[in-house]
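To convert, take the position in the sequence shown, counting from 1, and add 996; that gives this note's numbering.
The beta carbon of each residue, even a glycine, is placed where N, CA and C say it ideally should be.
Computed from a prediction, not measured in an experiment: that's the story for all the values here.
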Amino acid sequence: MEVELTPTIGIGNYNRDNEHSQAPVAENQEQVTEISKSWTIEDSEKIYRIEGWGEPYFSINAAGHVTVSPKGDRGGSLDLLELIVALKQRNLGLPLLIRFSDILADRIERLHACFAKAIARYKYPGTYLGAFPIKCNQHRHLVEDLVRFGQPYQFALEVGSKPELMIALATLKTPDALLICNGYKDREYIETALLAMRLGQKPVIVIEQVEEVHLVMRAALALEIEPVIGLRAKLSTQGTGRWGQSTGDRAKFGLTIPEILTCVEQLRDAGNLSYLQLLHFHIGSQISAISAIKDAIREASQIYIELCALGANMHYLDVGGGLAVDYDGSKTNFHASKNYNMQNYANDIVAAVKDACMARQLPAPVLISESGRAIVSHQSVLIFNVLSTSDVPSETVTPVKETEHLIIRNLWETYYTISVENYQEAYHDAIQFNEEAKSLFSLGYLSITERAQAERLYWSCCQKILEITKTQDYVPDDLEELEKIMASIYYVNLSVFQSVPDAWAINQLFPIMPIHRLDEEPTRLGILADLTCDSDGKIDQFIDLRDVKSVLELHELREVGENLPESEFGNNCSGIIDCCQKKSPSPSKSLEISQNQKSKQPYYLGLFLGGAYQEIMGNLHNLFGEINAVHIRLTPRGYEIEQVVKGDTAAQVLSYVQYEAEDLVESIRRRAEQALQEHQITLAQSQRLLQNYEKSLSSYTYLN
Ligand SMILES: *Cc1c(COP(=O)(O)O)cnc(C)c1O
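If you want it as structure tokens, here you go:
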């Protein structure tokens, strides 16, 4: 665990019952109250590691809210909580995806600036072109923004399928910009790509399979268009991490060296070798080790040189994707991080290619990178709210009577005697007694009240032991799970399957943290459970400096009216005031369900760096649909909501599975009518049913 709480703080926060604790603990308790009062935003910065992964876009302001500086260090920032409140006032409910167009512009600028700097530093006699692989995020407003912001750099698009090609053809309007065509291709794909040349683009058809050479040559002949052909090499350099299998001898993609030679021969035999101008490779996404990138670029440079020697008209070297994002901010080669920065990446590519070409006195190629993740991850922030929490029982423990069942007395004895000397042993005893209590209950020897008492005592033992483990430098392996077992569950208004599919599918880590109350100590440790009825619909792995943590530091939900600081929600925050008004329960009418009297104040969490891959891979599990999305742009006076893309309504989601709203309503109307005839339902009830049904159809699939 990364939280660097001093032992005294640890005990104070988690010790819920200290009347039976030994003297040292009670003593610590006093210091604690003092220390925890002085919780600062710096402490929050440290536990959520926001500087590591957030710079230069995300930080914490004096009010304890996350701020976004969409232009990085070049000025202008927004308070994320204020933004959410303002968006809620515009009827944009949570979960909500906010895309910051300025971050997108900044990423493109940064990437090009890094390559420009590297080119100047190594006196590289060629140029660099960036290309966006559309598969990373195909959303129209985003791709349109990318093309617009990329215009000064002739920023290109890369496509991997026919539908993506269709997007690129319609969107890419930068004169002479490259359109890199990857993926498996049929005749229609190839013809369409070639014809893009007539619209002023520069399509490059990248051959992934030997058979495609003939297809391209035939289409080119028929259309009388001279194609630019690229070859995708299957490098022997093994990528690292999750996508390491994208290359290597048995990889799915690309041409082996013998296949590359076959392609060259076929092109030469047809007198078309001059078409071959580009070499492409892609060793996988999120390459966390710079050494893998260096190896790949060295191997690719040699292939490039050999292709020149074979007489191809080589012009471009496309290094694919792989430029990683530092999700945990640790700057290591851990899979959620990277041990290099964008400038190192550019330097290594430029230097290696220059060396290779100089050695053979060849002209330097135009360098291309297809950086997707590195361009679009930062621009989107996913905001969702916590609906409720569930904790392990934490009542104060009172001494057990002599007359209680032996098993309960044993548990009490265990609890009472837990100490630094015996806590490991005590843990195993507690587990065993609790198991025995369950068996005794099943056999009818323990009443339900007794079983409840046993369970409470068991949890109290765990709690006390957990406090002790926090004071120890070394925790025995069998106690490591304790923190996870004791974690609170935070129920969140979100579907992991829809909005963070990679957290579920491949255990990808994203930085997640509260976006407010950061000047307040997070006294709970929790995991997140989503709305779906699927036990996989949870997030229980979080970023950490070393490895991964299984619980996240979170704040206790506050009840409405409790300690509501003026500064937190401002004066005109109707989003939050709305909730406050729930405090007075409405006079209960016949059908009115009275409001939960203990309404909670909103607690908002943000998931960051999720702009790549998540949206399109999300699915409709449990029919939670696409979420609301907005595009925000900074203006001299503040910000502007450039686009609002409303999330799915229930009717839309239902139509994906072939239920038509009208038919559904009609069938419910008929059944209600019949029930009315049969006196099974009152008219008021049937009207309420229909109203609710129709209203649900037209509303968001998430909770209000
Ligand atoms: C997926 C993909 C990319 C993007 O990779 P990132 O690591 O996201 O930059 C680039 N090129 C090709 C061919 C791809 O398949």
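Taking residue 1451 as the centre and dropping the five residues before and after it, the same chain places the C-beta of 1389, 1430, 1433 closer than 8 Å to its C-beta, in chain order. In terms of Cα proximity to residue 1154, the closest of 1181, 1312, 1126, 1144 is 1126. In this structure, residue 1152 has its CB at a distance of at least 7 Å from all heavy atoms of ligand 1. Three or more Cβ pairs drawn from the segment 1496-1512 and the segment 1608-1616 lie within less than 8 Å of each other, which places the two stretches in contact. For the pair residue 1626 and residue 1649, the CB atoms are not nearer than the 8 Å cut-off. In this structure, residue 1664 keeps its C-beta atom at 8 Å or more from the C-beta atom of residue 1635.
Counting along the chain, the unbroken alpha helix (DSSP H) around residue 1078 starts and ends at 1076-1085. By alpha-carbon distance to residue 1196, the top candidate from 1306, 1213, 1172, 1653 is 1172. Looking only at 1542, 1481, 1537, the smallest Cα-Cα distance to residue 1500 is reached by 1537. By the Cβ neighbour-count rule, residue 1119 is exposed, with fewer than 16 other Cβ atoms within 10 Å of its own.
Take the alpha-carbon of residue 1555 and the one of residue 1548: they are about 21 Å apart. Residue 1341 is classed as buried because its beta carbon has at least 16 other beta carbons within 10 Å across all chains shown.
Segment contact: the segment 1478-1486 against the segment 1519-1531, three or more CB-CB distances shorter than 8 Å; contact assigned. The beta-carbon distance between residue 1475 and residue 1420, rounded to whole angstroms, is 6 Å. This is short enough to meet the 8 Å contact definition.
Secondary structure at residue 1530: coil, using DSSP grouped into helix, strand and coil. Contact between the segment 1340-1354 and the segment 1131-1138 is not established, with fewer than three Cβ pairs separated by less than 8 Å. DSSP places residue 1338 in the helix class (H, G or I) of the three-state scheme. Here the alpha carbon of residue 1360 sits roughly 41 Å from the alpha carbon of residue 1496. Sorted by position in the chain, 1129, 1131, 1132, 1154, 1156, 1178, 1278, 1281, 1282, 1316, 1317, 1318, 1319, 1366, 1367, 1368, 1369, 1370, 1608 make up the residues whose C-beta lies under 7 Å from a heavy atom of ligand 1. Annotated as distal: residue 1107 and residue 1602, with beta-carbon spacing of 8 Å or more. Annotation for residue 1462: 1010, 1478, 1479, 1482 place their beta carbon closer than 8 Å to its own, counting only its chain and skipping 5 residues before and after.
If you look at residue 1124, you'll find it in the beta strand (DSSP E) that goes 1124-1129. When the Cα atoms are used, residue 1354 and residue 1298 turn out to be separated by approximately 12 Å.
The DSSP-derived three-state label of residue 1322 is coil. In the three-state DSSP reduction, residue 1139 falls in the helix class (H, G or I). A straight-line Cα-Cα distance of about 15 Å links residue 1259 and residue 1223. Going by C-alpha positions, residue 1391 is about 30 Å away from residue 1044. By the criterion of a C-beta distance shorter than 6 Å, residue 1366 is surrounded in its chain by 1127, 1129, 1154, 1316, 1317, once the five residues flanking it on both sides are discounted. Approximately 6 Å separates the beta-carbon atoms of residue 1186 and residue 1212; this is inside 8 Å, confirming the contact. By the Cβ neighbour-count rule, residue 1622 is buried, with 16 or more other Cβ atoms within 10 Å of its own. If you look at residue 1462, you'll find it in the alpha helix (DSSP H) that goes 1444-1467. Within the segment 1239-1316, the beta strand (DSSP E) runs of at least 3 residues that lie entirely inside it are, in chain order, 1272-1276, 1312-1314. If you draw a straight line from the Cα of residue 1262 to the Cα of residue 1209, it comes to about 8 Å. The DSSP-derived three-state label of residue 1634 is strand. For the set 1439, 1417, 1453, the Cα lying nearest the Cα of residue 1428 is the one of 1453. Counted as a single uninterrupted DSSP element, the alpha helix (DSSP H) harbouring residue 1497 occupies residues 1497-1501.
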